[in-house]
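Chain order of the listed sequences is A and B.
With our numbering, the residue at position 144 of the first sequence is 431, and numbering never jumps.
With our numbering, the residue at position 185 of the second sequence is 797, and numbering never jumps.
Accompanying notes for the structure given below.
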Amino acid sequence: MEDCAIIDLYWSRNPEAISRTCEKYGNYCRAVARNILPDRRDTEECVNDTWLKAWNAMPEDRPGLLAQYLGKITRNLALSRWRANRTEKRGGGELPLVLDELADCVSSADTLQAVEAGELAEAVNQFLHALPERECNLFLRRYWFAEPTAEIARRYGMRENTVRTILFRSRKKLQSYLEKEELL
Amino acid sequence: MNHQERLFLAIGEADPKLVARSERRRRSHWLPCGLAAAACLALVLALGRIFPFQTGPAVTPPDSQGPVITVPNLPENQGPGGGQLSLPEQGSEIGTLRLLRYTPESQNGAVDFLIYVNEEQFAVQESNGLYRIRSTHPLPETFPECGMDIAHLSGTSPSQAKAAAEAALQEHYPEMSSEELAAVLPGSLYLRASESLDEGSDEPEFWKAEQAELWFVDDGQGGTFTITSRYFLEAEEGLGARFRDMVSSFRVVDLNETVPDWMRELYAAVDRLSRALLCDDLSEVSDLLATETVADAYDENVWPDTTIISVDYSLDDDQNPAKATVSVKHRLNLTEGDSFSFLTMELVRRSGNWYLNWSGIEK
C-alpha cells in the first residue's frame, strides 16, 4: 500500500492503518530500535509503541516521508527506553559507543545546556546539509540510525577503517561548526 | 540528559530527505560485461618497449624524475611497421578499447598497453620503464605520498609477481588482502596492503595510514604488468577512487591485428566531441556537427573536474555502420560519491565521415 493511502487510514481513524504500517515498516522500525536497544523484547515493545504514537500524532501530522517519520518516533522511544534501562544497569548495544563518539564534539561544552533543543537541531540540520553527500550519509547511518561501522561499511562498499576515519573528520567538523555558531 | 544525548536527539531532527537519501546502498563499480572498458579521453599511453622490472613491485618509485610523456598527436595512419591493433574480446561489442594510434615501432617481445589519464588532473612521467602518475595538485609534504605506478616484469607470471610483491611488502604493510570489494580489472590478480593501525592510538593519526593496491595483469607474452596505487586511508574515496577509475581503463594491446577505418574515425570523432561538449566549446568541432545537431551537455565547462570512467559504443552494424550511439560514463567530482553521469551522443556516418546528431546528459 502506498504511504499516502496508509496516512489516509490514520486520518480517517481506521485501525487498519496500524496493521498496514506494521506490515510495511515493521522491519524498518525494528532495525532502528535494535541498534539502540540490545534486548529483543524492548525492541518489540518500542516498535509497538511507535504505532501507538503515530496513531495519536496523525492527525495533526501528515508526514511527507512516512518511513523516516516512523523511524524518528522509534528512535526517540528507543532512546528513552535505553536511558531508563541504563538506570537499571541494563544498557548496552551500539548506543553507548555512538554517544561516546558524539561526546568528542560536546564534552567540554558547558554552554550547550542552555541552548534550546530546537536551536541545536536547526544548527545540526544546517551542518548536515552542508556536508558532502557521502559524508552526510555516513554520519546519519552512524548517529541517526546508530548503525555499527561494519554495517555501514557493507552498505556503502567501503572499508570499515575508512568509515571510521570519515566519521571522525565529520565529528571534528561538527564541533567546529557548533563553536562557530556559538552553541559551544 | 547529558550533552551527547542532547546532540543525539538533535541529530534525530535531521531533514527526513537526508535520512531517506542515506538509505540508498552503493551501486556496483564494475560495468556489466557488455559495456565498454574504461577510458579517459585526455591522454593515451601506448608503450612499445618492455623494460625489465628490476626492483620488485613499484611501491617505492625511483627517485629520478623521468621525462614527462606528452600527449601523442593522433597520426593520420596506423602505426609504423604495420603495427596493428586487436579488437577487444567481448562478444559482439565493438569499440571496447579506444583506437590506439600512438604505436611505436614493434619489436621482438614488445608489449603495449594503454591507459587513459585525465591530464587536467594527473601528470605522467617515465623513468627506466617505470611509469609514474601523479596528481598535478600535489598534497602538502606532511601527507603520505600518493600516486600510481605501472611497471612490467618480463618472464614472470602474475601469480609469481604477486607472491614477490607480498613478500616485499610484508614488512611495511602487515595487513594484506587479496579480496577486492569490486573487481576493477577483471582477470587480474589483486593485492591490497595496509599500514598497521593501532586501534589504541590517537584517532587523529590513523587517517593517514598508508594504503597500497596492486593489480597484476598478464601481458599475454609470459610477463606481467604491475599497477600500484598508493594513497592514505582518508584519501581512499578521493584519490584512491580516481586511481581505481584509471586502473579500470588499463588494457594490454596486441598490435598484430587491424581495425577498420570507420572505427578509427569514430574513435577520433568521439574523442574530440566528448572534450568539446564537456568544455562547452564546440568551436573546434564544427566539422563534426550535422546540419541540425542538437548538442546538449552541461552548458558550462566541466572538463577540468571530470573523470571519464568508460566509453561504450553501440553500432547499428558492426561491418559497415551508419549510426553509432556512444555513452561516455563520467564522474563530475568526488564529493558526489559514486554518482555517475553519462554523456550520450548519437553519431551518423555519411560519405565516410561521422557527424554528431545529438547529445545529452543522462543521470
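By construction, the Cβ of each residue, glycine as well, lies at the ideal position given by its N, Cα and C atoms.
Everything numeric in this text was worked out from a predicted model, so none of it was measured.
Contact of Ser841 (chain B) with chain A is not assigned, every C-beta pair being separated by 8 Å or more.
Annotation for Glu289 (chain A): no residue places its beta carbon closer than 7 Å to its own, counting only its chain and skipping 5 residues before and after. Rounded to the nearest whole angstrom, the C-alpha separation of Cys758 (chain B) and Val736 (chain B) is 13 Å. Among the CB atoms of chain A, none fall inside 8 Å of the CB of Lys935 (chain B).
Here DSSP, grouped into helix, strand and coil, assigns Gly972 (chain B) to strand. Counting C-beta pairs closer than 8 Å gives fewer than three between the segment 459-467 of chain A and the segment 331-338 of chain A, which falls short of the contact rule. DSSP places Ser939 (chain B) within a strand segment (E or B) once states are collapsed to three. 8 Å or more divides the Cβ of Arg876 (chain B) from the Cβ of Thr919 (chain B). Residue-level contact by beta carbon fails for Trp338 (chain A) and chain B, as no gap is shorter than 8 Å. Around Thr452 (chain A), the beta-carbon contacts reaching into chain B at under 8 Å are Phe818, Trp819, Leu845, Glu846. Within a 10 Å sphere around the beta-carbon of Gly832 (chain B) sit fewer than 16 other beta-carbons, which makes this residue exposed. Runs of beta strand (DSSP E) with 3 or more residues, each lying fully within the segment 767-807 of chain B, are found at 787-789, 801-806, listed in chain order. In the structure shown, the three-state DSSP call for Asn932 (chain B) is coil. Against chain A, the beta carbon of Asp857 (chain B) has no neighbour under 8 Å; the closest one sits roughly 15 Å away. The beta carbon of Lys311 (chain A) sits no closer than 8 Å to any beta carbon of chain B. Between the segment 306-318 of chain A and the segment 347-357 of chain A there are three or more inter-stretch CB-CB distances shorter than 8 Å, so the stretches are counted as touching.
Nearest in C-alpha terms to Leu364 (chain A), of all of A:Ala390, A:Ile294, A:Leu324, A:Leu384, is A:Leu324.
Taking 8 Å as the cut-off, the beta carbon of Pro628 (chain B) is found no closer than this to the beta carbon of Leu296 (chain A). Tyr743 (chain B): member of the beta strand (DSSP E) spanning 742-747, first to last residue. Among the residues of the segment 333-363 of chain A, those with a Cβ less than 9 Å away from any Cβ of chain B are Pro350, Gly351, Leu352, Ala354, Gln355, Tyr356, Gly358, Lys359, Arg362, Asn363, in the order of the chain.
For the segment 889-916 of chain B, the set of residues with a beta-carbon nearer than 8 Å to any beta-carbon of chain A is empty. Within the same chain, Cβ atoms closer than 6 Å to the Cβ of Phe952 (chain B) are found at Lys941, Arg943, the five residues on either side in sequence being excluded.
Taking a C-beta cut-off of 9 Å against chain A, none of the residues of the segment 753-781 of chain B qualify. For Val960 (chain B), no alpha helix (DSSP H) run applies; the uninterrupted beta strand (DSSP E) run containing it begins and ends at 953-962, by DSSP.
Under the 8 Å Cβ criterion, the segment 776-786 of chain B counts as touching the segment 794-807 of chain B, having at least three qualifying pairs.
In chain order, Leu889, Leu894, Leu901, Leu968, Trp970, Ser971 place their CB closer than 8 Å to the CB of Ala907 (chain B), counting only its own chain and leaving out the 5 sequence neighbours on each side. In this chain, the beta strand (DSSP E) harbouring Glu822 (chain B) covers 822-830.
Residue pairing for Trp966 (chain B): DSSP places it in a beta bridge opposite B:Arg961. Ile727 (chain B) places its beta carbon 8 Å or farther from that of Phe828 (chain B).
For Thr330 (chain A) against Ala344 (chain A), the beta-carbon gap comes to about 21 Å, at or over 8 Å, which does not count as contact.
Its chain contains Val319, Asn322 as the residues whose beta carbon lies nearer than 7 Å to that of Phe432 (chain A), once the 5 sequence neighbours on both sides are disregarded; these appear in chain order.
Between the alpha carbons of Glu403 (chain A) and Asn614 (chain B) lies a distance of about 14 Å. In this model, Arg429 (chain A) and Leu955 (chain B) are separated by some 35 Å (Cα to Cα). Residue burial is scored here from C-beta neighbours: His764 (chain B) has at least 16 other C-beta atoms within 10 angstroms and is therefore classed as buried.
DSSP places Phe725 (chain B) in the strand class (E or B) of the three-state scheme. Under the Cβ distance rule, Glu822 (chain B) does not count among the residues neighbouring chain A, no pair being separated by less than 8 Å.
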